[in-house]
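Notes follow the structure.
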Amino acid sequence: MMMHHRDRPILRWSIHHCCLWGMLTVGGSLMPSIAMAQITPTTNWGGENSRLNPAGLVNGQSALVIEGGATRGNNLFHSFQQFNVANVQRVYFANPANTSLIFSRVVGGQPSNILGTLGVNGLASLFLLNPQGVIFGPNAQLDIRGAFTATTANAVQFGNQGTWAIAPTSNPPLLSIAPSALTFAANQGAITSQSQNLVGAAGQSLLLLGRSVQLNGGNITVPGGRVELGGINGDGTLALQQRGNQFEIVALQGIPADVTMTNATTVNLRSNNGGDFVVGANNFTLSGEGTQIQTGLADNVSQPNAQAGNVDIQAINAVTIQNSATIDRLIPATASGGNGQIRIEAKTIDLLNGGRINSTLEGRGGGGIVSLKADVIRIDEVASNRQSSGIQTGVESGAVGTGSDVTLQARLLQITNGGRVETDTAGTGDAGNITIDLTGEFGSFGLSAARRSRSGIGTFVERNAIGNSGKITINADSVLFQDGAKALVNVAGQGQGKTLAINTIGNVILDGAKPFPGSTPSGLLSLLRDGAVGRSGDIKIRAESLIVQDGAAISTDATGQGDSGNVDVVVRDLAVFDGASPTGFRSTIGTSVERLFFPGFSFVGNAAGQAGTISVTAREVQLTNGGYFASSLTDAPGAAGKIIVNATENVIISGTGTTKLFSPSGSISFEASSGLFTETSDDTSGAGGEIRINSPNLDLSNAALINSLTSSRGPGGNITLNVPEINISGGAQVRVTTLDTARAGDILLNAADRLVVSGTNPNFVPADSPDLQPLFSASAILADTQPDSSGPGGILRINAGDAIVQNQGTISVSSQGQGAAGLLDITARSLLLKDRGSLTAGTSNATGGNINLNLQAALLLRNASTISTTAGTAQAGGDGGNIQIRSPFIVSVPNENSDITANAFSGQGGQVSIDTLALFGLIPRSRSDLAIALGSNEPSQLQPSRLRSNDITAISQIDLNLSGDVRISQLDVDPTQSAARLPDDLLDRSDQINQSLCRVTQGSQFILTGRGGRPTSPIVRQLTPLRTWEDIRFSQVAETAEAKAASMVQMPGTRQIDRLTEAQSWYRSDDGKIHLAAKVNRAKSSWMSLPGC
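The sequence shown lines up with residues 17 to 1109 when you count with the numbering used here.
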């Protein structure tokens, strides 16, 4: 990569240094007097003092050569009062035979200025120690084929042999082994560099270790070697280790130094076998555009096992990468190799204002890892050059291999204002995984206000790529995505989207969108894009609670060829989906094939696949103010996915939210229901998805909707509600419907305790479509067909305890299209239709459906309620459907206009079959009866609803000869069965007999039928002659008295009871029997008392 650097003024030094520019040239060499003025050896070592040779020749060029020194084994020691290298000057240490390490100390109290070339005339490694500091100027260069260490340490430790300190002492002791440590004291100087070409030997180490290390605008290059920056601020020790030709710090005792790289400084370690960049610091700062750490492989590297090298940065306090500075790991297009890692560990890690970490594969190989570990990690803002802060690893176009993984470990992680963490593949191979492990909170907020770049986490398979996305895993105490921030798995090439998983012990919150044109909500998204082949990934959430609000979304979608992923949510407490964003997006979970989940997008392609399953498990699930779940299949082979909701306590679905549809001409806003939706539409034969709720309680209210819709050739999905207590009110609906040729789905409701369908919501009726009011406004359970459809209606089965349909609520399997209506089958203890409540299986111009009611106790119709399978309501053809009712009691209060009808307009009337013990308040009517009662034979007028009476009809309004049948039969009851329990509110309590036998002034009645000793069942059809109860204490009384006493009671079936009188007392007859009497016996007795009236 070609880097461009700004021209910078040469650093001006002191007046003393300026004097160095007065020089003469003799054969290209500097004058000896000038050279010796820069470097002054100490003089207390006698014959081992360092000597300067100003007329030296190194590599054919003039140089100041430093000779002499004290040799100890393979080590050579030099000592200087001052040590400087002037600009363009060349200073070399002589390298005697068998010398591998050269140690040079400066004891004069002044920093060393390296402005020219410093080298070793041989292969030895060089240590330069100056406690006052070392400064590398813009033109400083190294010509050292071994390792180089510049340090402000004041002593070098040589294992057990001793220490060589910065002090003008006598000759060094026998220090013949490799150094083991560097010791530091207070008041040291810094190591600074502006060198544009500080090049270390390939494969060797270059260590800069001081009180602080400042690289300001230069370049350091050590191909395949090791660059280590650090030191000690104050007293302390750095433990050294020699590994091959390289030295490295292996332990630190003390306060680490601060290290900064600014102003387009570059450290480059790329080679045929990588190189390592290491920092051990208190604070490390990498700042400024063009400031880079470059690791990886060089061009034209073909070694199959070549290593790309490592970056290892450890700081006690903070690591800051900012202002477009970068750490770049690269395997170029002509290279092969991989592995290696970028590892950063600190108390806080900040990637700010375009600060970035990149790991890129352009050739073959890849792999490796980017790992950040801290207490707090912050990734924030976008730079002016539009570079987002963050981390990106990728496989580039034409590359073959695997992208680097990203691992973030912290207590707190914040990705904000356009910051991003991304892995992608545009070549052949998988994108890297992203793993976030936190002990505290994760937060991703918003977008860059200036750049409109969204924050988030993403893994991508680009167009024309072949490979899988990475896996995203977030483990945290809590997770927040806000103001448009996202976690995204995106497949646009050929490959599989992997799982996006969030695991928390606290809450997961997805919150809203920034309100500007084109903005989209916060969310968790997994997409298979148009033209892609593969599968979008799954989304899994495990948390205490999940809150999705203000238009945020969880979505898996496929607009390419393949399935969309599943969404699996398991929370211990609440799952809440509430509200909409200012831009019209509603809070949601969605899976789809072909159609992008968010409104306003349109993709055309050859999509095919199965939409994913949505599964939500919680203590309580809430979908409010437009919140919804949806699974859809549009214009593609395949099927819609399932929606499964499991709640241990409640499911609450309520209200509407404002949404928008976008088009080139603008947008349309409207209110859309909260609810659960599955849909197949357009040119597809795939089946609709199932909706299933398992919960103790379901509260569906205020225009909420559970809907399985087919507007295609594929059958609609089924709805199953396993909920003991179901309450549907305020215009809410449970619905399966067809708009095309396919059959609508089925509904199965298992409400073991209670089902209530009640009320309307007229505010939810489209203003320009008042004819749709019954359809849109009523609380309802519907398995129906829509106008212009030809598919049949579905089956609606209800198993309930007590079922109540009231206040214009309806349960319907009607057809408004060409297809037949469906089947309504209800099995319950009791059924109450009240205040225009209705059961319908009618049609506008097709065959009516069937209604079967199997009730254990009673059917009660009140206040204009209806049971109807009438066909041809649009005054068209179609046969009336059938109604079959089996109930011990069927009751309707007279003159409330509650009807049971199986009529047809021009077709054959249906059949009404009723099996009951008692039918009260309803009148079976033939066509002739109805015409007489209405006073008209006009077909359009022959409607029982025009009469105040409660009627049962099965007629043809056009043709008398096509009327159906009304059959009422005595219910066949097994006498061995126990009596059925009547509903508590069968009739108003004010209409019932008085409960007290002692209230003689009230109009109560008491009837006793039965045999002496045990009452009979109240539902036995044929009652045998009854006997009064017998008190066994008086069994000796004569039998002749029994006949006399029995004559006082009229037996059922013998004659009509003219008058019923309340029993007021009881008495014992002469034969010893006990009898009830209508009048109080005034006889006084020592054991008989008056009733307590």
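We put the beta carbon where it would ideally sit given N, CA and C, even for glycine. Treat the numbers as computed from the prediction; the structure is a model and nothing was measured.
Between the alpha carbons of S192 and N103 lies a gap of roughly 34 Å. A residue is called buried when at least 16 other Cβ atoms come within 10 angstroms of its Cβ; L692 meets this threshold and is buried. Taking C-beta atoms as the reference points, T58 and S95 count as a pair closer than 7 Å. Under the three-state reduction of DSSP output, R729 falls in the coil class, being neither helix nor strand. Note on geometry: alpha-carbon atoms of D975 and G865 lie some 20 Å from one another.
The beta carbon of G124 lies closer than 6 Å to those of Q97, Q98 in the same chain, with the five residues before and after it left out. By alpha-carbon distance to E610, the top candidate from S228, G657, F200, N977 is G657. Counting of Cβ neighbours within 10 angstroms places Q510 among the buried residues, the total reaching 16 or more. If only uninterrupted alpha helix (DSSP H) runs of at least 4 residues are considered, those enclosed by the segment 941 to 984 are 943 to 950. The beta-carbon distance between N777 and G747, rounded to whole angstroms, is 2 Å. This is short enough to meet the 8 Å contact definition.
For V335, the closest of T307, Q308, R345, A297 by C-alpha to C-alpha distance is A297. Listed in chain order, the beta strand (DSSP E) elements of length 3 or more contained wholly in the segment 119 to 185 are 128 to 130, 133 to 137, 141 to 145, 150 to 152, 157 to 159, 164 to 167, 171 to 173, 179 to 181. Going by DSSP, Q54 is part of the alpha helix (DSSP H) stretching over 48 to 54. In the three-state DSSP reduction, P778 falls in the helix class (H, G or I). About 5 Å separates the beta carbon of L368 from that of D396, a gap short enough to meet the 8 Å contact definition.
Taking the Cα of D446 as reference, the smallest distance to any Cα among R470, G456, T423, F476 is reached at F476. In this chain, the beta strand (DSSP E) harbouring R380 covers 380 to 382. Less than 7 Å separates the beta-carbon of A760 from that of A799. Under DSSP, V275 forms a beta bridge with V229, F300. The residues Q425, N491, in chain order, have a CB closer than 6 Å to that of D453 in the same chain once the five nearest residues on each side in sequence are set aside.
Looking at R708, Q323, N129, the one whose alpha-carbon comes closest to that of G241 is Q323. Counting C-beta pairs with one atom in each stretch, the segment 176 to 185 and the segment 266 to 274 have fewer than three that are closer than 8 Å, which means they do not touch.
Distances from the CA of E741 to each of A663, I332, D981 were compared; the closest alpha carbon is that of A663.
A166 is not a Cβ neighbour of F200, given a cutoff of 7 Å. According to the DSSP secondary-structure assignment, K389 is paired through a beta bridge with E361, Q425. Put simply, the backbone Cα of E438 is about 6 Å away from that of I473. Ranked by Cα distance from G84, the options I555, F109, Q105, V74 are led by F109. About 7 Å separates the beta carbons of F593 and Y644, which is inside the 8 Å limit, making them a contact pair.
The C-alpha of R121 lies about 43 Å from the C-alpha of G382.
DSSP, reduced to helix, strand and coil, places E610 outside both helices and strands of the structure shown, so it counts as coil.
Contact between I811 and V773 does not hold, since the beta-carbon distance rounds to 18 Å and is not under 8 Å.
Annotation for V592: the continuous beta strand (DSSP E) segment containing it runs 590 to 594. Relative to L377, the option among T179, G443, A688, R962 whose CA is nearest is G443.
DSSP places V667 inside the beta strand (DSSP E), whose first and last residues are 659 to 670. For L225 and G578, the gap between their C-alpha atoms comes out near 56 Å. For Q891, no beta strand (DSSP E) encloses it, and the DSSP letter there is neither H nor E.
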